[in-house]
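Here the structure comes first, spelled out in structure tokens, and everything after it is commentary.
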Amino acid sequence: MTTTAQSSPLEQWAAAGDPLEVPGTAATRIWRQGTGPTVVCLHGVPTSAYLYRKVLPALAARGLEGVALDFPGLGFAERPVDFDYSWTGLSAWLEQALDAAGIESFHLVVHDLGGPVGFDLIRRVPDRVRSLTVLNTLVAASRFTKPRAMRPFSIPGLRRIWVRQMDSPGIYPFFRWKGVLDGPTYEEIRAYGRLLTLGDGGDAFLKIMDGFETTAEFEARIRGPLQHRDFPAQVIWGRRDTELTVDEHGADVVDALGLATSIQTVEGKHFLQEDVPEEIAERVALLVEGLTDR
7 MTTTAQSSPL EQWAAAGDPL EVPGTAATRI WRQGTGPTVV CLHGVPTSAY LYRKVLPALA
67 ARGLEGVALD FPGLGFAERP VDFDYSWTGL SAWLEQALDA AGIESFHLVV HDLGGPVGFD
127 LIRRVPDRVR SLTVLNTLVA ASRFTKPRAM RPFSIPGLRR IWVRQMDSPG IYPFFRWKGV
187 LDGPTYEEIR AYGRLLTLGD GGDAFLKIMD GFETTAEFEA RIRGPLQHRD FPAQVIWGRR
247 DTELTVDEHG ADVVDALGLA TSIQTVEGKH FLQEDVPEEI AERVALLVEG LTDR
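Below is the structure:
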């Protein structure tokens, strides 16, 4: 597959990555750019690692290795029918995937559903995480309700229609409405829908939506390791996110991390990786640099 100017954004993105076999479970695709300390970037829904296609080169330009991979059921990853698509299941898979990729010590960036999945990964492998950067996500699982824009994916009779709409021109106004400012092109946004429904029409994505662990037990499980971590953390938030708002969800994250510093807000909506990739990379690099200067 070529990466010429004539290739579509989706073709260019696919060609930049490599297959990753995860023994005994779902295979995926991984993207690694740059050399230096490794920064693993976790996506959420209804996106994939494609969301970080502008962040990875920005990290590489700052002397870091930017890494992103697709969760099972999304992007170019496999979509096993019998896979555990809960947050716990995804974090267990992620530990195996990082092992398969030979990634031992890493800095972590989480966003959206990648937040609770990444927080549960921290519970599993706290000694492997060097730092944490949190983008618009959630930690108060026990009182979380799906944002208005995502609720149709949970309504019987409507959910499959809504998924099909995502793989159509209708995704463009949807993403502009809630997700992004004026960065990505029409073709770049259409790629999100194609990646969401690739191979199975979105069936695995709907299983992910059904697997949200909005329980007090899950919340307690992730809060402890966050509160007692021995690595630094920062919170960067798209201030124009009207679904996961900085005043509520951002404040929850700061509380869970026990941070004395304030949230770093940026001019972005929910998918701030599209709006301010250079700014995100710069702030991650500053956090990593602070560790290397010790």
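Okay, so the sequence shown: first residue is 7 according to the numbering used here, each after it adds one.
Even for Gly, the Cβ is constructed at its ideal location relative to N, Cα and C.
By the neighbour-count criterion, in which 16 or more other beta carbons inside 10 Å mark a residue as buried, Gly95 falls on the buried side. Every unbroken stretch of the beta strand (DSSP E) spanning 3 or more residues and falling wholly within the stretch 27-84 is given here in chain order: 34-39, 44-48, 71-75. The continuous beta strand (DSSP E) containing Ser137 extends over residues 135-143. Pro63 and Glu193 do not touch by the CB rule: their CB atoms are close to 19 Å apart, not below 8 Å. The shortest CA-to-CA distance from Glu219 to any of Arg149, Val28, Pro132, Leu48 is the one to Arg149. In this structure, Gly244 keeps its C-beta atom at 8 Å or more from the C-beta atom of Leu293.
Looking at Ile242, Ala147, Ala197, Thr139, the one whose alpha-carbon comes closest to that of Thr271 is Ile242. In the DSSP annotation of this structure, the continuous segment of the beta strand (DSSP E) that includes Leu114 starts and ends at 112-118.
Residue ranges of uninterrupted alpha helix (DSSP H) with 4 or more members, entirely inside the stretch 211-259 and ordered along the chain, are 222-233.
With 16 or more other Cβ atoms from the protein chains shown falling within 10 Å of its own Cβ, Glu225 counts as buried. In the DSSP assignment, Val272 falls within the beta strand (DSSP E) that extends over 270-272. Excluding the 5 residues flanking it on each side, Glu27 has same chain C-beta neighbours closer than 7 Å at Ala33, Ala106, in chain order.
In this structure, DSSP gives Pro158 a helical state, which the three-state scheme calls helix.
By the beta-carbon neighbour count (other beta carbons within 10 angstroms, threshold 16), Leu232 is buried.
Taking all protein chains shown into account, Gly230 has fewer than 16 neighbouring C-beta atoms within 10 Å of its C-beta and is therefore exposed. Assignment of Pro132 by DSSP, reduced to helix, strand and coil, places it in the helix class.
The DSSP-derived three-state label of Pro25 is strand. In this structure the stretch 157-164 does not lie against the stretch 248-260, because fewer than three pairs of beta carbons, one per stretch, are closer than 8 Å. Between the alpha carbons of Arg157 and Arg165 lies a distance of about 9 Å. Between the alpha carbons of Phe82 and Asp261 lies a gap of roughly 35 Å. When the alpha-carbon of Gly72 is set against those of Trp37, Pro78, Leu100, the nearest one is in Trp37. In this structure, DSSP gives Asp105 a helical state, which the three-state scheme calls helix.
Residue burial is scored here from C-beta neighbours: Ser54 has at least 16 other C-beta atoms within 10 angstroms and is therefore classed as buried. Straight across, the Cα-Cα distance linking Ile228 with Asp216 is about 20 Å. Tyr198 and Tyr56 do touch by the CB rule: their CB atoms are close to 7 Å apart, below 8 Å. Take the alpha-carbon of Lys60 and the one of Leu263: they are about 27 Å apart.
Between the alpha carbons of Asn142 and Gly30 lies a gap of roughly 32 Å.
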